[in-house]
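Structure first, then comments.
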Amino acid sequence: MVSLMDRIDRMTHTVELNFPVFYWTVSGSAQVVTRTGAGGADGVRRVGAGRGIWVDQGVGVRVDRAPDAGVVGFRCRDTDVLPFRVDGTVSGGVVAEQWRDGLVEQFASSLGYLRGTGPSTTTPAGIARPPLPTSAGARAAAKLLLDDPTSTGTVASLANAVHLSPATLNRRFRSETSLSVGQWRARARIASATALLRGSGMTLETAAHRVGLSSGSALARLFRETMGTTAARLRSSEALGCAESPASGAGSQRSTWPRTNRMHVLIWVYRGSARVSAGGGNLELVEGDLAWLPAGIPNVVHMGNDSLVLPVGARVGRAQHGGGPVRLCAEGLNADTLLGASAQEYDPLFARQTALVDGLFYTYLASGSDGDVQDSRLMTRLLETFRRDPSSGRTVEEWAEHLGCSRSELTGALAGDGAGAFRQWRTSMRMGIARQLLSAGVPVDGVAQHLGYSCTSSFSHVFARHHGVPPSRYRGYV
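Counting from 302, one number per residue, gives the positions in the sequence shown under my numbering.
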């Protein structure tokens, strides 16, 4: 008999997408399992080094990395430029080496920490169509538009066809895709026209009529207004036999948003140079350098021309470093290894901690007091054990005995981690696990049972007190 624990563990590794994603294997290999529709058969694809895969919204997906593989994934926007044409619900293809910097830029942009990252000015050679709405009526309307791109029907007629009012249809499109019906149709037309124009020799006029526009000039105007580029650029890049890769930020100076992190954050100069300011300290970094930004200290990272700094991971723990950034030796760590670690720690669907960042964190703590390292290792053991069985009702004394330490050592480690009393820490951990399970589609009653609550209402009460909304409403936000 399959236990509830086993069932939930499997479910947390398969996620139904609320947005399109792109995965690219830098080194090693990955296996991507996809499922379309309730009860649909699994599709399994091996994505080797130098290849990528695009998966559309609404598809269930699981990504299994081979040991030591470097696999970069990011949430796709409709303006993102990809190395190959995408259509249907799942598309794969080759990622040439010249795309590397551009895709790393898109990964960085998806994390939202860069200030002043402008829209891409590249040719839309692999434009994905806009994401499908998630509600039944709005999704049906979107499919009507895709099935008949030449239709010139109004929003009112489209709404009538799916038994909704025009206002309701527009509201659902905006909330579920961030686009109005008209904007969504324009983006869909651009994606369809791009596919028609690439490599076909089709005229702009013919492509325009195929996607429901009156003339070639109307299509040219739509390209310019929607994508900030022209159909002529698409033609010129196609004539060279390849798509134009995304810009890598050449000639631009950027910075991170000023912030105070709740965790210690490891950063890496992927390209170029950077100046790090944290608390009262400043640090000049060059390409390949690593540095820790201490928790609780205001910081900002300024990047030089054509430079990019990536976060590699973040950890909790007590450290005394005078409030300034701390440089680490990166000897023996190559770019693929660090990029793979960053991508796994900040994966849009399956983020998890890596042994590499754990080791670098202990190196960072080792420059402080011995107690910092001891407390951090104790917290790591507690976290790993608790995550395996979050329903455990052990008291703090029983946990101390289980971990082979004294009660005062355990409570001291909790205090140093900023977690407060043990019961507060346990509730906070359970709520974090609850958010992950709810986002993965696990039913509320299954989450409650997995976390050890006596009934669903008890879990819902604690969740609402912690988040301000009950779990049933929270699921609608993710």
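Note that the Cβ used here is the ideal one computed from N, Cα and C, for glycine as well.
Pair within 8 Å by beta-carbon distance, residue i and residue j
{"i": "residue 558", "j": "residue 414", "result": "yes"}
{"i": "residue 480", "j": "residue 459", "result": "no"}
{"i": "residue 644", "j": "residue 396", "result": "no"}
{"i": "residue 352", "j": "residue 315", "result": "no"}
{"i": "residue 318", "j": "residue 348", "result": "no"}
{"i": "residue 572", "j": "residue 608", "result": "yes"}
{"i": "residue 679", "j": "residue 710", "result": "yes"}
{"i": "residue 599", "j": "residue 568", "result": "no"}
{"i": "residue 565", "j": "residue 521", "result": "no"}
{"i": "residue 650", "j": "residue 329", "result": "no"}
{"i": "residue 497", "j": "residue 508", "result": "yes"}
{"i": "residue 662", "j": "residue 616", "result": "yes"}
{"i": "residue 505", "j": "residue 490", "result": "no"}
{"i": "residue 731", "j": "residue 752", "result": "yes"}
Neighbour-count burial assignment, residue i, 16 or more Cβ in a 10 Å radius
{"i": "residue 578", "result": "buried"}
{"i": "residue 471", "result": "buried"}
{"i": "residue 405", "result": "buried"}
{"i": "residue 769", "result": "exposed"}
Enclosing alpha helix (DSSP H) for residue i [first to last residue]
{"i": "residue 565", "result": "Careful: residue 565 lies outside any alpha helix (DSSP H), inside the beta strand (DSSP E) at 565 to 572."}
{"i": "residue 445", "result": "437 to 448"}
{"i": "residue 486", "result": "482 to 498"}
{"i": "residue 468", "result": "467 to 478"}
Which of helix, strand or coil DSSP assigns to residue i
{"i": "residue 609", "result": "strand"}
{"i": "residue 734", "result": "helix"}
{"i": "residue 758", "result": "helix"}
{"i": "residue 769", "result": "coil"}
{"i": "residue 680", "result": "helix"}
{"i": "residue 659", "result": "helix"}
{"i": "residue 432", "result": "coil"}
{"i": "residue 632", "result": "coil"}
{"i": "residue 523", "result": "helix"}
{"i": "residue 641", "result": "helix"}
{"i": "residue 556", "result": "strand"}
{"i": "residue 403", "result": "helix"}
{"i": "residue 376", "result": "strand"}
{"i": "residue 666", "result": "helix"}
{"i": "residue 540", "result": "With a pLDDT of only 37 at residue 540, under 50, the local geometry of the prediction cannot be trusted, and the value read off the model is given with reservation. DSSP places residue 540 in helix when its eight states are reduced to three."}
{"i": "residue 747", "result": "helix"}
Residues that residue i bridges to, as DSSP identifies them
{"i": "residue 355", "result": "323, 392"}
{"i": "residue 649", "result": "The partner list for residue 649 (beta bridge, DSSP) is empty, contrary to what the question assumes."}
{"i": "residue 575", "result": "586, 604"}
{"i": "residue 509", "result": "According to DSSP, which records beta bridges pairwise, residue 509 is partnered with nothing at all."}
{"i": "residue 593", "result": "567, 627"}
{"i": "residue 365", "result": "332"}
{"i": "residue 614", "result": "567"}
{"i": "residue 599", "result": "561"}
{"i": "residue 580", "result": "Per DSSP, none; premise fails for residue 580."}
{"i": "residue 317", "result": "361"}
{"i": "residue 413", "result": "Note: residue 413 sits in no beta bridge, so no partner."}
Start and end residues, beta strand (DSSP E) containing residue i
{"i": "residue 337", "result": "330 to 337"}
{"i": "residue 385", "result": "No beta strand (DSSP E) contains residue 385, which DSSP labels as neither H nor E."}
{"i": "residue 348", "result": "343 to 349"}
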